[in-house]
Amino acid sequence: MMSIATWVWIPFILALVTLVATPLMKRMPQAFSLALAAVMLVPGILCVQQLVAGESQQYSLAWFEALGINFDLRSHPFSLFFGALIFLIGASVVAYTGFYLTPKKFVNRFMVALLVFAGSMVGLVFSNNILLMFLFWELTSVSSYFMIGHYHEQLDSRKKALQALLVTGTGGLVLLAGFALLGSMGGSYLLSELVEKRELLVNHELYTAMVICIFIGAFTKSAQFPFHFWLPNAMAGPAPASAFLHSATMVKAGLFLLAVMSPIIGGTALWNQTLMVIGGITLIISCLSGLVQTDVKKLLAYSTTAALGFLTMLLGIGTEEAFVAFVLFLAAHAFYKAPLFMIAGSIEHHAHSRDIRTISGLCKAMPGTSIAAGMALLSVAGIPPMAGFIGKEYAYKATSFYPSSDINLLTIVAVFGAAVMIALSALAVVGPLWRKSEKPEHRHETTVQWGAPLFLTMIGLAVGLAPIWFASTFQSMAASLWNDDVNMAIKLWAGVNLPLVLSIITVATGVIIYLYIGRFRPAGEKIYAGFAKWGPERAYDASLAGMLAFAKWQTNAIQHGRLRGYIAATFASATALIAYKLWFSWSWQDYQVSFDNPAAELAVAIIGVIMLLAALFALKARSRLKAIVGMSIVGLGIALLFAVFSAPDLAITQILVETLVAILLAFVLPLLPEMRRYASKAVKRTDLAISLSAGLVMAIIVLKSTSVNLHVPISDFMGEQSYLMAHGKNVVNVILVDFRAMDTFGEVTVLAIASIGVLALLRTTAKEAGCGHKTSIILRVVGKFLLPILMVLALIVFYRGHNEPGGGFIGALLGCCGFGLILLNSSDSGLVAKTQRLSKLLLGVGLFLSALAGVVGSLAGTDFFTGLWIAPNLPLIGELHLGTPLLFDVGVFLTVIGFTCTVLASFSNQPLEKEY
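For what it's worth, the working numbering labels the leading residue of the sequence shown as 1, then goes sequentially.
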């Protein structure tokens, strides 16, 4: 039996295959899509098989155990039903897509997003961990964004895709808060465990807050009032997106969540009444809004939101009959609405229009599509033996038997909504297909274009013809939501009763609305325009405009382009926050400074005086060069302090950084305007106050940190363990490449990412400046001899760094100094170009080797970045310790050189001015 985890990964694997085989997909899109559809059918059939057989699976894989997040999956009747919908309808849509979109319309890109979405939905419905469910939940929003905005060259498409993403994404964030509350209240994030804690949850003081958060997440995803507006607007996407996302899967994700949460936190007055009210309002508003539409897909979209409101209302009723009606109507809706959207896409594809007023008589051109459309309409209308008839019958049973009042308002709303849904679906396809047209039409459809929707309508017909075969299946699905046994009989014909009478009234009313809607449309359009002007969508537009206006004001206030302001704000904020914390822990008795060595004390005093004088010199300097010299002396003084306190690695690093900064500034200084002192006295006083405050706070931090009395000093522990665990005597380097390798990997990753921005930014700046840098003949000649010497020294420092001062970072800085001298004094543009290409290669290889060092540990069954060692006994050398930390250090070495060369070469991409 195929594992449930395999089902989740199949769509993602197919997406990866499509991405890799893009040339093949572009060359043979139709054959490729048919092959993908065939693979998608396999897990769909298995879902149906296990659903009918009453089988279930569970799967668990350790993941983020500390956060309570494991890859926990489970299959139950309702999730298997949804899995079957996703795979079967997904297979049809995938096959249809290959014939609907062409390589010119980026069928390969759309197919990848479609398959990623399918995998996300499968993962969502089979998740047993609610936090894992949330990850898949958000992935559906992201992938649907790319599908809706597929026609990215169109402004409306981009705008509607962003609207869908913002609405569903914001709801997802609120849902995460609800899941966090639910998990903390129940003491578990597993649905299978939470269902046993219902009494605890519904009686908890945070129950209302948690339910509201879950409602907002579900309502945004399933387009319930007041968030219903995004779904009709999402029709800007291609027809396959509408058929898959907005009729059968994504918008049903919110309903799925509400359904699986019903036995856990449902059954209360807050839960039931909210769902009935919101579902009813959504149903009515969608029906009234849809009646004024003339766009084929928008007519179907509003009928979809109306159906979603109907289903939400059934969940709110919360009786045994309501849950049975819910699963029956859900199945019927999926198997007729997805075909209708594919049919609408075929109509648009043939007529190049979606306006029902301008399209007619396409049945001769698309006979197969017309047959599929006729069967789908019969199911919408609830004509036996289609599945829509059974779904509507049992929905009326649920509303009719609900104990509300003498005049059952729910039944009236249900009949009205169902009648309007019939009229909307008829308006979308009857006129374009069967209205008489004098224009001759030639056959314009492929087998798949009508076969895919017909396949789904045939499934609906099969369910309607033989409900007794599926009765136990639907009963088990309803029982998993009802959390009790369901004994309600499910059959096609139950005799003449109230639901049958209501069905006849519904069909008659729908036909009347369809025939006479033209008389009421002008008045309806005025009402709709007024509602749109003050409705929820206007609130969304106003909110988005307000957010953008605030962001613009905030950006202008903070990102003003003045470096002094950035530095002042950074230091002032950091100083204020740290000072606030220190204020409550201040005590003069805690701080002592003492030296065991009088010579060291004298050296520190002398170095401190020199640094102070250099800082004052830089402060009073009238040129940038003098200021740089003063600050460099301060930096070298810090390096000497590191050396005095037995930190040779830090001292060497500081010296090399100062050298590189000097080389970099040699590039930059010619591009800067003449230094002028134009600050007012108020600005100078502010700068002085910030500087003194920052210096005082830093002094206190240093005093406090050096006065902490540790029972077991960290340095002692690291010194003892560095050689035993990592075979290295240089504690600093061992920490960087072994004990704290994950932190170092994060830093080199940031370097690699920053180099991309630096490359673009500095290249643009240099071009805008229109000037290069001056070169020196002496330094150019000397640099050619220094570069190989420095590179050899860099390799030596790198290799000895595990036991002596040095390592990958210091060695890389040493090598960068050589590259900097060459680039600074080179007039060869070819050398600069070669350096740029080499730097990109070094960045990629370095980052790859760093990551590989961590992956090797994981493949060996240990934690990520755990050092693994071998000790071969080599001739003339003896035992030599080699391990993944050395590989990681190589990656650091290459990444740092690549980043620095990227920066330096970017300043050298312009012709030089002159030599001197």
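Glycine residues also receive a C-beta, built at the ideal position from the N, C-alpha and C atoms. Note that the structure is predicted; figures quoted are calculated from it, not measured.
Tell me the residue span of the alpha helix (DSSP H) that contains residue i.
i, result
"Ile69", "Careful: Ile69 lies outside any alpha helix (DSSP H), inside the beta strand (DSSP E) at 69-74."
"Gln224", "It is not in any alpha helix (DSSP H) - Gln224 carries neither H nor E in the DSSP assignment."
"Lys159", "155-186"
"Ser379", "367-381"
"Ala301", "296-317"
"Ala569", "563-583"
"Val892", "884-906"
"Gly123", "107-126"
"Cys363", "Here Cys363 belongs to no alpha helix (DSSP H), and DSSP marks it neither H nor E."
"Ala331", "320-351"
"Phe256", "250-265"
"Trp493", "First-last for Trp493: undefined, no H or E at that position."
Skipping 5 residues on each side, what residues in its chain have a beta carbon closer than 8 Å to that of residue i?
i, result
"Leu688", "none"
"Ala539", "Pro226"
"Ser157", "Ile148, Gly149, His150, Tyr151, Ala236, Gly237"
"Thr764", "Bear in mind that a pLDDT of 49 at Thr764, under 50, signals an unreliable position, so the number given afterwards is only what the model happens to contain. Around Thr764: no qualifying Cβ."
How many angstroms separate the CA atom of residue i from the CA atom of residue j?
i, j, result
"Leu14", "Ile700", "59 Å"
"Ala662", "Ala905", "15 Å"
"Ala365", "Pro432", "11 Å"
"Asn873", "Gly846", "28 Å"
"Ala376", "Ala557", "57 Å"
"Gly844", "Ala113", "27 Å"
"Val697", "Gly183", "42 Å"
"Trp7", "Phe329", "26 Å"
"Ile638", "Phe645", "11 Å"
"Tyr207", "Val174", "15 Å"
"Pro191", "Ala794", "It should be pointed out that residue 191 corresponds to Leu in this sequence rather than to Pro. Their Cα atoms are separated by approximately 57 Å."
"Ala627", "Ala615", "9 Å"
"Phe809", "Leu821", "19 Å"
"Val20", "Ser141", "24 Å"
"Ala599", "Met611", "18 Å"
"Ile796", "Gly728", "16 Å"
"Ser722", "Ile735", "8 Å"
"Ile347", "Phe215", "37 Å"
"Arg562", "Val892", "34 Å"
Around the C-beta of residue i, are 16 or more other C-beta atoms found within 10 angstroms, so that it is buried, or is it exposed?
i, result
"Val750", "exposed"
"Gly83", "buried"
"Pro788", "exposed"
"Thr220", "buried"
"Trp482", "buried"
"Leu548", "exposed"
"Glu537", "buried"
"Thr706", "exposed"
"Asn128", "buried"
"Pro23", "exposed"
"Val832", "buried"
"Arg564", "exposed"
"Thr862", "exposed"
"Gly898", "buried"
"Ile10", "buried"
"Arg354", "buried"
"Pro29", "buried"
Figure out for me which residue from the options has the closest Cα to the Cα of residue i.
i, options, result
"Ala325", "Phe401, Gln293, Gly266", "Phe401"
"Thr884", "Cys901, Phe848, Asn233, Gly898", "Phe848"
"Tyr514", "Gly90, Ile265, Ile422", "Ile422"
"Pro339", "Arg837, Ala726, Gly171, Ala452", "Ala452"
"Met3", "Thr835, Phe12, Cys47", "First, the amino acid is wrong: residue 3 is Ser here, not Met. For Ser3, the nearest C-alpha among the options comes from Cys47."
"Pro384", "Gly518, Ala462, Gly267, Arg800", "Ala462"
Span of the beta strand (DSSP E) holding residue i?
i, result
"Gln50", "Segment 29-53 is the alpha helix (DSSP H) holding Gln50; no beta strand (DSSP E) there."
"Tyr59", "58-64"
Which residues in the same chain as residue i place their Cβ atom closer than 7 Å to its Cβ, once the five residues preceding and following it in sequence are excluded?
i, result
"Tyr336", "Ala376, Ser379, Val380, Gly388, Thr457, Gly460"
"Phe571", "Ile690, Ala694"
"Gly635", "Gln654, Glu658"
"Leu144", "One point to set straight first is that residue 144 is Ser, not Leu, in the sequence displayed. Excluding positions up to five away in sequence, the list reads Phe117, Ala164, Leu245, Met250."
"Gly123", "Val8, Phe136"
Going by the C-beta, is residue i closer than 6 Å to any heavy atom of the ligand COA?
i, result
"Thr473", "For the ligand COA, the structure offers nothing, since it holds no ligand at all."
Within its chain, find whatever has a CB closer than 6 Å to the CB of residue i; leave out the 5 residues flanking it on each side and keep chain order.
i, result
"Ser437", "Ser360, Gly361"
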